[in-house]
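Line by line, the protein sequences give chains B and Y.
Heads up: the first sequence begins at 30 in our numbering, then just goes up one per residue.
Heads up: the second sequence begins at 4 in our numbering, then just goes up one per residue.
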Amino acid sequence: MSKSDPQSIYENIKREARLRVESRQEKPLIMVGTATCGVAAGAMQVKEDFAREIDDKGLDAEVIEVGCIGHCYAEPLAIIAKPGFPPVCYGNLDDGLVHRLVEDFLAGDDPSYEYAMAALERNDEFPTFEDFPRGVYEEKLILEHCGYADFSKIESYVARDGYSALAKALSEDPKLVLEEVKEANLRGRGGAGFPAGKKWEACLNNGKDEIYVICNGDEGDPGAFMDRSVLESDPHLVLEGMILCAYAVGAKQGYLYIRAEYPRAVEHVRKAIEQARTKGFLGSSILGTNFSFDLEVFQGSGAFICGEATALVNSMEGRTGMPESRPPRLVQQGFRGKPTVLNNVKTFAYVPLIINKGAEWFKSIGTPESPGTAVFSLVGKINNTGLVEVPMGTTLRQLIEEVGDGLPEGSQFKAVQIGGPSGGCLPESALDVPIDFDSLHEAGAIMGSGGLVVMDQEDCMVAVARFFLEFTQNESCGKCTFCRLGTKHMLDILTDITRGEGDLETLEHLKELSEDVRDGSLCNLGRTAPNPVLTTLRYFYDEYKAHVEEGRCPALVCRDLILYYIKPAKCSKLCNVCVGSCPTEAIYTRDDGLKAIDQEKCVKCDNCRKACPTEYDAVLRLSPPVLPGEKERKAK
Amino acid sequence: MQLLKGEKEEILACVKEVLGENSKTHENLIPILQQVQKKLGYLPALAMDKIAEGLKVPAVDIFSLVTFYNQFRLNPPGKHEIKVCMGTACYMTGGDITLESFERRMGINEGETSLDRHYSLDRVACVGCCTLAPVAVIDDEVEGKVTPTRVDGIMLALEEDREDNAIEKSGPKVGAEDE
């Protein structure tokens, strides 16, 4: 082997990186999770607290920022790695706990296990995350290092064999990369599940002169943040995947399209690109070969439709992001009219793993039709909100009850919304559906990009359907009549229903219109926009019926169909809490000292109900909105 | 929105600078608009006209882009920018109530800036902090669990800031000029 072949160049870089990483491991290392979610929960303050306490004590320890480990319910989080101890993760940190940890663990030798969440390595003293109930189901492939490694340094990626897949591929024929990805049956993680290998091959066959590789990081679903986490916490994994793809198809230039709302992701990726160039993983003659490829970040400007492939390309070319009819497909005629490979962030992230471990390994995880894992962001009425990665084929029930640790006390499962605004709401009876591209489609939902929202008895399905439709209606680009006007009419009908207006015929109209919008739209935004409406009509028809026939919202959500009422029998003369809590001064004290609500002034903000002490629990919501007195009057 | 004194010159200088730094191709249009907005905080009509002139494209094309993408704003941000999250989790825990409370207290609607430019109020799709829902972003600081009571607290702090200001700079800003 000569000194200039990619493998030996890579080995040299890795040796150097290992030395650097090891030299840092000699002193205690505090890793604070500072992805967007962590920062919002106060991670920056925690980081400062650690630095100050360590400084005060004159200790020799380093505080660094890492990404998201996915246990968002316990933010802010930090991992302390002290030589001689297993690395331990602590959650819900505040200044008091930080003080204590620095004093007891860093200055002393007591890891304060009573405050720890889990250890990160197997040991005899404390359980690890794998011992959690969710650990049984979770299988982390692309999230493996998210939150455990320093995203800001390329050494930490290279030291754990990062870019070794690239070095391996570069020593071989580009066709082998393509064959491996095709053999692995890697399906696109953007939602539709189109096999990535087939896409690459088509592009390779079309590419005469120029080919572009674009990474779709325009994650626009409200309630989904998987792509953001990967880009923020492990940017090099995505870059390596893109470089491998470029090698396979022969591209020279690539772009990462990242949405404007993710400034931290943009910053981390830009930095990673810079580092990769310096080390020779990007740029001209990568690792000493004659393969050249470079990457740039393109910042999206906030349009949900730009997640659609042709709209994204239009947006990159400086136009409004409107989709085009296909064919020609992007692999024939994409960015600047040239063949273009466009894949989701997660799709690219799997590629280095497949090249390193082989297609057979990848196929051994998940189901035969959908191999690999699925990444979900769990939100809503669930105990362990956060980011999870499970093998395809796991059922929704396992995901919610085991991985997410079920619903909070007092919550009763009603529905799970999967796939964002384009997905559907599935009821209890559909919970045993295995998660893969095809089964979910049959149930009326879609895999989507992986947002999963759990709802309980206090969520109104009509209001939820209306919320998602309002979102898609707003984001409709206006090209197709059915999507532009149809969704508007659907929204009007749904708004009427939440006000109790309409009848059973209205529901029929809504269903017909939904089907027309689905069939009459060009792109997937229009084609899937009716999904939340259609699935709720299918599974929760009774709830719609209660709205239009009885003027009643069973979940007590729709504000035109409820009123707030203070039950005199429960109210106390000694308490004044609700009066102060009311933002519109609608609550007054009656002559007998009990409180009552002036319905004219009430804005139904729920503040008084939250404020009322649990021992009284006197504020009630009534639906249909009729006061007890009125009922009697009407009866007479 | 009327331009204040000196703003016209500022806008012209900014557009000139950004156009000078970028090659004037259609592909660069969105990055140019992003950079101008980053500097000015919004895209005034004057800036859009000048960019159109610079890139030799019809002004209506620029306007169509700016109104298509959510990121671009046509009115100046207030001294305090309040954004209320309207993601799924926030909506389900009463994000609309939070937004309404802000509207009521500020006397402006979502998407507007108060006439004295002290506040601006917007909605954002999802800031990805679903565990803290309902969420509002106050001048880049994320506030979790924003109930109407919390809204009043936030407003109190922001109003105090206005009073401090009034003492520092005596006399109201005048000299608004028409564009």
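Idealized CB from N, CA, C, for every residue including glycine.
List the residues of chain Y that Gly99(B) touches, going by C-beta distances under 7 Å, in chain order.
Taking a Cβ-Cβ cut-off of 7 Å, Gly99(B) has no neighbours in chain Y, whose nearest Cβ is about 12 Å from it.
Secondary structure at His100(B), three-state DSSP: helix, strand or coil?
His100(B) falls in the coil class under three-state DSSP.
How about Pro80(Y): is its C-beta nearer than 8 Å to some C-beta of chain B?
Not one chain B Cβ lies under 8 Å of Pro80(Y).
Measure from the alpha carbon of Pro420(B) to the alpha carbon of each residue in Asp263(B), Tyr166(B), Glu487(B) and Asn152(B), then state which is nearest.
Among Asp263(B), Tyr166(B), Glu487(B) and Asn152(B), the Cα nearest to that of Pro420(B) is on Tyr166(B).
Through-space distance from Asn385(B) to Tyr177(B), alpha-carbon basis
Put simply, the backbone Cα of Tyr177(B) is about 21 Å away from that of Asn385(B).
Give a yes or no on whether the minimum CB-CB distance between Lys8(Y) and chain B is below 8 Å.
No, its Cβ sits nowhere closer than 8 Å to a Cβ of chain B.
Please return the same chain residues whose Cβ sits closer than 7 Å to the Cβ of Ala62(Y), not counting the five positions on each side in sequence.
Taken in chain order, the residues that qualify are Met51, Asp52 and Ala55.
Between the stretch 117 to 133 of chain Y and chain C, which residues of the former have CB atoms less than 8 Å from a CB of the latter, in chain order?
The structure shown has no chain C; the protein chains it does contain are B and Y.
Report the rounded CA-to-CA distance for Gly580(B) versus Leu514(B), giving the unit in angstroms.
Between Gly580(B) and Leu514(B), the C-alpha separation is close to 27 Å.
Measuring CA to CA, which of Asp78(B), Met60(B), Leu88(B) and Ile109(B) is closest to Gly96(B)?
For Gly96(B), the closest alpha carbon among the candidates Asp78(B), Met60(B), Leu88(B) and Ile109(B) is that of Met60(B).
For the stretch 476 to 495 of chain B and the stretch 441 to 458 of chain B, state whether three or more C-beta atom pairs, one from each stretch, are separated by less than 8 Å.
With the rule of 3 Cβ pairs closer than 8 Å, the stretch 476 to 495 of chain B counts as touching the stretch 441 to 458 of chain B.
Against chain B, does Asn73(Y) count as a neighbour if the rule is that its beta carbon must be under 8 Å from one of theirs?
Asn73(Y) counts as touching chain B.
Exposure of Trp229(B), with buried meaning 16 or more beta-carbon neighbours within 10 Å
When all chains shown are included, Trp229(B) counts as buried.
What does the Cβ neighbour count give for Pro140(B), buried or exposed, with the cut at 16 atoms within 10 Å?
Looking at its Cβ environment, which holds 16 or more other Cβ atoms inside 10 Å, Pro140(B) is buried.
Does the stretch 108 to 122 of chain B come close enough to the stretch 130 to 146 of chain B that 3 or more CB-CB pairs lie under 8 Å?
With the cut-off at 8 Å, the stretch 130 to 146 of chain B and the stretch 108 to 122 of chain B touch.
Please compile the residues from chain B whose C-beta is within a distance smaller than 8 Å of the C-beta of Gly90(Y).
One finds Pro251 and Gly252 in chain B with Cβ atoms closer than 8 Å to the Cβ of Gly90(Y), taken in chain order.
Residues sharing a beta bridge with Val149(Y), DSSP
According to DSSP, which records beta bridges pairwise, Val149(Y) is partnered with nothing at all.
Can you tell me whether Ala148(B) is helix, strand or coil according to DSSP?
Correct three-state label for Ala148(B): strand.
Can you list the beta strand (DSSP E) stretches of 3 or more residues lying completely in the stretch 109 to 136 of chain B, in chain order?
The qualifying runs are 117 to 119.
Length of the line joining the Cα atoms of Leu428(B) and Glu499(B)
Looking at the two C-alpha atoms, the distance is approximately 28 Å.
DSSP-derived helix/strand/coil call for Thr28(Y)
In the three-state scheme derived from DSSP, where H, G and I count as helix and E and B as strand, Thr28(Y) is classed as coil.
When DSSP labels each residue in this structure, what does Asp78(B) get in the three-state scheme?
Assigned with DSSP and collapsed to three states, Asp78(B) falls in helix.
Exposure of Asp202(B), with buried meaning 16 or more beta-carbon neighbours within 10 Å
Looking at its Cβ environment, which holds fewer than 16 other Cβ atoms inside 10 Å, Asp202(B) is exposed.
Nearest to Lys633(B) by alpha carbon, out of Ile334(B), Pro654(B), Thr618(B) and Asp621(B)?
Considering only alpha carbons, the answer is Pro654(B).
Where do the ends of the alpha helix (DSSP H) carrying Ile183(B) lie?
Secondary structure note for Ile183(B): its alpha helix (DSSP H) is the uninterrupted segment Ile183 to Ala188.
Is there a C-beta anywhere in chain B that falls below 8 Å from the one on Arg107(Y)?
Arg107(Y) counts as touching chain B.
For Val278(B), count neighbouring C-beta atoms within 10 Å of its own C-beta (all shown protein chains included) and say buried if the count is 16 or more, exposed if not.
Buried, by the Cβ-count rule.
Rank Val130(Y), Gly131(Y) and Glu115(Y) by C-alpha distance to the C-alpha of Leu1(Y) and give the top, closest one.
A query on residue 1(Y) cannot be resolved here, the shown segment of chain Y reaching from 4 to 182 and no further.
Beta-carbon proximity list for Ala332(B), same chain, < 6 Å, skipping 5 on both sides
Excluding five sequence positions before and after Ala332(B), the CB atoms of its chain that fall closer than 6 Å to its own CB belong to Gly350, given in chain order.
Go to Gly609(B), then tell me how far its alpha helix (DSSP H) extends in each direction, as first and last residue.
Residue range Val606 to Ser610 is occupied by the alpha helix (DSSP H) that includes Gly609(B).
Would you say Asn25(Y) faces chain B, with C-beta separation under 8 Å as the test?
No, because no Cβ of chain B sits closer than 8 Å to the Cβ of Asn25(Y).
Check whether the Cβ atoms of Ile171(B) and Lys392(B) lie closer than 8 Å to each other.
Taking the C-beta atoms as reference points, Lys392(B) is found no nearer than 8 Å to Ile171(B).
Contact set for Val543(B): own chain, Cβ-Cβ below 7 Å, skip 5 residues either direction
Checking the sequence, you will find Ser at residue 543(B) rather than Val. For Ser543(B), where only same-chain residues beyond five positions count, the Cβ hits under 7 Å are Met519, Pro559, Val562 and Leu563.
First and last residue of the alpha helix (DSSP H) that includes Glu534(B)?
Unbroken alpha helix (DSSP H) run through Glu534(B): Leu533 to Gly549.
Say whether chain B places a C-beta atom closer than 8 Å to the C-beta of Gln37(Y).
Residue contact with chain B for Gln37(Y): present (Cβ-Cβ distance below 8 Å to some residue of chain B).
Return the chain-ordered ranges of every alpha helix (DSSP H) run that is complete within the stretch 447 to 485 of chain B and spans a minimum of 4 residues.
Within the stretch 447 to 485 of chain B, the complete alpha helix (DSSP H) runs of at least 4 residues are 466 to 472.
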